[in-house]
Structures are given as C-alpha cells and as structure tokens.
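Engineer: Quick one: the structure is below, and I'll ask about it shortly.
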Amino acid sequence: MAAVDSFPLLYREISRSCSCYVETLALVGALYTASKAVRLMMDCYSLVRLHFIPRLADSTDLVHRYGKWAIINGASEALAKAYAEELARHGVCIILITTDCLKDASRIISDAHGVEVIRVEADFRDGALACKSIKDAIEGKDIGFVVNCLNCSLEPPRDFHEIPESELWHVLNTGISSALLITRLALTGMAERRRGAVVNISSGRCSRPCARKAALSASTAFYDHFSRALHYEYGHRRVFVQSLLPGKVASEGDDASWLVPRANVYAKHALSTLGVSHRTTGYWPHTLQLGLVCCVPEWVWLLGARVTCRMT
1 MAAVDSFPLL YREISRSCSC YVETLALVGA LYTASKAVRL MMDCYSLVRL
51 HFIPRLADST DLVHRYGKWA IINGASEALA KAYAEELARH GVCIILITTD
101 CLKDASRIIS DAHGVEVIRV EADFRDGALA CKSIKDAIEG KDIGFVVNCL
151 NCSLEPPRDF HEIPESELWH VLNTGISSAL LITRLALTGM AERRRGAVVN
201 ISSGRCSRPC ARKAALSAST AFYDHFSRAL HYEYGHRRVF VQSLLPGKVA
251 SEGDDASWLV PRANVYAKHA LSTLGVSHRT TGYWPHTLQL GLVCCVPEWV
301 WLLGARVTCR MT
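Take the sequence shown: its letter number 195 is residue 195 in full-length UniProt numbering, and every next letter is one higher.
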C-alpha cells in the first residue's frame with residue numbers, strides 16, 4: 001500500500017483491500033438469517049399440522065384404527081380420567097387400573113358415553129398378583145390403547161431427602177413398575193394384530209432438570225425415553241407409541257385459561273395428535289412454552305429454577 005497523506009485516504013485503501021472479507025461475512029450472515037427464517041417457517045408448519053389440521057377433521061374411527069378397549073393406568077389422576085372420557089366419547093370401552101375405588105368415575109363414563117367400563121383395583125406392591133388380576137380383565141379383549149399417566153404426588157417442590165420413603169415406593173409401584181408391566185401385557189396382542197397405541201403422559205415442565213423436583217424430573221425422563229425406545233422397537237409393527245409432555249393443567253376448582261387448560265380440554269387436544277406425532281405436549285400453547293424453554297441455555301434455566309425455589 002502506497003504512502004498516504006490523510007486518514008480518509010488510508011481508510012479507503014484499507015476498505016478496498018478488505019472488501020472481499022466483508023462480502024464473505026455478509027454472505028455468511030445472510031445464509032444464517034435465511035436458515036433461521038426457514039426453520040421458523042417449518043416450526044410454524046409443524047405446529048399447524050400437528051395441533052390444528054387434525055382437529056378440523058375429527059372423524060377418525062379410533063376403534064377401527066386401534067382397537068375396541070383401552071387400559072387406563074393411573075386412573076385416579078385427573079389427566080388419565082379425562083383421557084379415558086375422551087376415548088369413551090369415540091366409542092372405546094375402558095379398563096380403569098387404579099389402587100383406589102373409582103365407582104363414581106366408571107359409572108359417569110359409562111352413563112355419559114354408553115360404553116362398557118371395567119374397574120381393576122391392582123396394587124403393584126403385590127407383584128405377580130396385580131398382574132394376574134389385569135391379565136384376567138384383558139383376556140380375550142381387543143386391547144387397542146394403553147394409557148400410562150405419571151403419578152403427580154411429587155408435583156409440589158421438595159428437597160429429595162424430605163420425601164418419605166413410603167412415597168417413593170408408591171411412585172415406583174404405581175408409576176414406573178405398573179407402566180412397564182401393563183404395557184408388556186398389552187403389547188403382545190397389539191403386535192400380533194399389528195395395530196394399537198401406547199400413550200405415556202408425564203410432565204413437560206420437567207423436561208429439563210428442576211430444583212427440588214428431582215424424583216419427578218427423573219420419572220418424566222423415564223416415561224419419555226421409554227416411549228421413544230418402544231417407538232423404535234414396535235413402530236414397524238404398526239403400534240403407535242406417543243410421549244405426551246403436558247404443561248400446567250388446571251386442577252379441579254382452579255381457574256383455567258388458554259395457557260392452563262382444564263383436564264378435559266387438554267385431553268381433547270391431546271387425543272387429536274395421536275397418530276400424528278410420537279413426542280408432543282399435546283396442546284399448542286404448551287408447545288409454544290416448551291419451545292421457549294428449549295431456547296434457554298441450561299445454566300440460565302438452572303439459575304432461574306434456584307431463584308424461583310428460594311422465593312417459594
């Protein structure tokens with residue numbers, strides 16, 4: 001570069017020599033922006049395809065597509081009962097598996113939708129005895145659905161050492177063990193008939209590690225990975241496996257909103273995604289929430305969780 005007499009001339013000379021680098025950086029920036037725009041458009045399309053289009057054509061014959069009977073594991077949970085009612089609305093007969101007596105719930109479902117409802121009280125602390133009662137209940141039936149719902153007794157935030165041992169055993173027996181054993185009992189017939197659906201409902205709010213919710217986070221991860229593994233194992237046999245990761249759902253007596261729906265509203269939305277997505281929140285506002293959570297770096301998420309726990 002020749003000697004110069006003024007700064008503007010020096011600046012022009014440097015700019016001329018670096019112009020190729022500037023153009024390269026501009027091209028990289030344009031490609032990055034375009035890729036993000038395409039990704040946003042694809043996400044918007046996926047949201048519409050998953051949550052809106054199936055609801056416009058809500059005429060799927062679930063009995064013909066999957067089977068006549070549904071096993072509802074954890075039927076004492078609000079989401080499980082709501083999902084059972086939604087299946088019954090489509091003509092699916094229900095088998096309620098619970099440790100509690102649900103005479104009122106079974107009668108309400110049967111009277112409202114005109115389907116057969118069977119209650120099976122099974123305590124998985126009894127091991128093989130619990131499995132025997134379920135085997136007897138499903139023998140000879142066209143089982144098309146298995147719905148496992150995570151026990152929500154661990155929802156309130158607590159330090160792990162404060163959770164009673166009896167409660168942890170209860171979660172293992174009613175949540176983890178029962179999901180494994182009941183799914184195994186039903187999958188044999190589903191694989192032979194080459195149709196069926198397994199739906200595992202956990203918690204989208206624990207899709208990342210949560211302070212003071214270690215047991216619930218771990219249980220959610222189990223349900224999610226169990227679903228994804230079953231999908232790869234049984235998908236080619238036409239057994240549809242879905243992992244539902246709902247956000248906050250309004251409890252009975254609480255105020256509901258479009259972000260926090262009632263259980264029956266959530267169940268209606270979630271059922272419309274069956275056969276469309278193997279892993280979803282089941283409800284489009286929850287999908288938006290989960291998308292925002294995934295954009296947050298984990299260290300920021302954990303910092304926010306610690307601050308929130310100190311405030312509660």
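Beta carbons: idealized from backbone N, C-alpha and C, even for Gly.
Given that a residue counts as buried once 16 or more other Cβ atoms are within 10 Å of its Cβ, and exposed if not, what is residue 300?
Structural biologist: Sequence index remark: in the sequence shown, residue 300 carries index 300 (1-based). By the 10 Å Cβ count, residue 300 comes out exposed.
Engineer: I believe residue 263 touches residue 249 by the beta-carbon criterion, under 8 Å. Please report the beta-carbon distance rounded to the nearest angstrom.
Structural biologist: Sequence index remark: in the sequence shown, residue 263 carries index 263 (1-based). Sequence index remark: in the sequence shown, residue 249 carries index 249 (1-based). Right, their Cβ atoms sit about 6 Å apart.
Engineer: Pull up the DSSP beta-bridge partners for residue 121, would you.
Structural biologist: Residue numbering aside, residue 121 sits at position 121 when the sequence shown is read from its first letter. DSSP, once it has assigned bridges, lists 98 as partnering residue 121.
Engineer: Terminal residues of the continuous beta strand (DSSP E) containing residue 143?
Structural biologist: Translated into the one-based positions of the sequence shown, residue 143 becomes position 143. Per DSSP, residue 143 belongs to the beta strand (DSSP E) from 143 to 149.
Engineer: What is the residue span of the alpha helix (DSSP H) that residue 245 lies within?
Structural biologist: The residue given as residue 245 occupies position 245 in the sequence shown. No alpha helix (DSSP H) holds residue 245; DSSP gives it neither H nor E.
Engineer: Restricting to Cα atoms, I'd like to know which of 146, 307, 166 is closest to residue 67.
Structural biologist: For the purposes of this step, residue 67 is taken as the residue at position 67 of the sequence shown. When only C-alpha atoms are compared, the closest one is 146.
Engineer: Quickly, what does DSSP pair residue 92 with across the bridge? List them, please.
Structural biologist: Position 92 of the sequence shown, counted from the first residue, corresponds to residue 92. Looking at the DSSP assignment, residue 92 forms no beta bridge with any residue, so it has no partner.
Engineer: Please report the distance separating the alpha-carbon of residue 253 from that of residue 86.
Structural biologist: Translated into the one-based positions of the sequence shown, residue 253 becomes position 253. Translated into the one-based positions of the sequence shown, residue 86 becomes position 86. If you take the alpha carbons of residue 253 and residue 86, they lie about 20 Å apart.
Engineer: Alpha carbons only, please: which of 225, 239, 178 is nearest the one belonging to residue 192?
Structural biologist: Indexing the sequence shown from 1 puts residue 192 at position 192. Of the listed residues, the one whose Cα sits closest to residue 192 is 239.
Engineer: Locate the alpha helix (DSSP H) running through residue 291, then write down its first and last residues.
Structural biologist: By 1-based counting over the sequence shown, the position of residue 291 is 291. Its alpha helix (DSSP H) spans residues 284 to 295.
Engineer: Compare the Cα-Cα distances from residue 268 to each of 104, 244, 289, 211 and report the closest residue.
Structural biologist: By one-based count along the sequence shown, residue 268 stands at place 268. The residue with the shortest Cα to Cα distance from residue 268 is 244.
Engineer: Would you kindly report the start and end of the unbroken alpha helix (DSSP H) that includes residue 265?
Structural biologist: Position 265 of the sequence shown, counted from the start, is the residue given in the question as residue 265. Taken as a continuous stretch (DSSP letters only), the alpha helix (DSSP H) holding residue 265 covers 263 to 272.
Engineer: Using the beta-carbon count (16 or more within 10 Å), is residue 16 buried or exposed?
Structural biologist: What you label residue 16 is simply residue 16 of the sequence shown in a count that begins at 1. Residue 16 comes out exposed.
Engineer: Let me check understanding here. Comparing Cα to Cα, which of 149, 22, 286 lies closest to residue 216?
Structural biologist: Here residue 216 corresponds to residue number 216 of the sequence shown, with the count starting at 1. For residue 216, the nearest C-alpha among the options comes from 149.
Engineer: Express the C-alpha separation of residue 292 and residue 43 in angstroms, rounding to a whole number.
Structural biologist: To locate residue 43, count along the sequence shown from 1; it is residue 43. To locate residue 292, count along the sequence shown from 1; it is residue 292. When rounded, the distance between both Cα atoms is 12 Å.
Engineer: Check the DSSP bridge columns for residue 279 and list the partner residues they point to.
Structural biologist: In the sequence shown, residue 279 corresponds to position 279, counting from 1. The partner list for residue 279 (beta bridge, DSSP) reads 243.
Engineer: Which residue marks the beginning of the beta strand (DSSP E) containing residue 114, and which one marks its end?
Structural biologist: If you number the sequence shown from 1, residue 114 lands on position 114. Careful: residue 114 lies outside any beta strand (DSSP E) and carries neither H nor E.
Engineer: Apply the 10 Å Cβ neighbour rule to residue 33 and answer buried if 16 or more other Cβ atoms are within range, or exposed otherwise.
Structural biologist: The residue you call residue 33 lines up with position 33 of the sequence shown. Residue 33 should be labelled exposed.
Engineer: I'd like to know whether the C-beta atoms of residue 70 and residue 92 end up nearer to each other than 7 Å.
Structural biologist: Taking the first residue of the sequence shown as position 1, residue 70 is located at position 70. Taking the first residue of the sequence shown as position 1, residue 92 is located at position 92. Their beta carbons are under 7 Å apart, which means residue 70 touches residue 92 by this criterion.
Engineer: Taking a contact to mean a Cβ-Cβ separation below 7 Å, would you say residue 54 touches residue 199 in this structure?
Structural biologist: Residue 54 sits at position 54 when you count from the first residue of the sequence shown. Residue 199 sits at position 199 when you count from the first residue of the sequence shown. Not a contact, by the Cβ cut-off of 7 Å.
Engineer: Just confirm the distance between the C-beta atoms of residue 134 and residue 96, as a whole number of angstroms; I'd bet it's less than 8 Å.
Structural biologist: Against the sequence shown, residue 134 aligns to sequence position 134. Against the sequence shown, residue 96 aligns to sequence position 96. No, residue 134 and residue 96 are not in contact; Cβ-Cβ is about 11 Å, not under 8 Å.
Engineer: Answer yes or no: do residue 88 and residue 113 have a C-beta to C-beta separation smaller than 7 Å?
Structural biologist: For the purposes of this step, residue 88 is taken as the residue at position 88 of the sequence shown. For the purposes of this step, residue 113 is taken as the residue at position 113 of the sequence shown. Cβ atoms of residue 88 and residue 113: closer than 7 Å.
Engineer: Between residue 60 and residue 187, what straight-line distance do the alpha-carbon atoms span, to the nearest angstrom?
Structural biologist: Against the sequence shown, residue 60 aligns to sequence position 60. Against the sequence shown, residue 187 aligns to sequence position 187. Taking the straight line joining both Cα atoms gives about 22 Å.
Engineer: Would a C-beta distance cut-off of 7 Å place residue 144 and residue 196 closer than the cut-off?
Structural biologist: Here residue 144 refers to the residue found at position 144 of the sequence shown. Here residue 196 refers to the residue found at position 196 of the sequence shown. Their beta carbons are under 7 Å apart, which means residue 144 touches residue 196 by this criterion.
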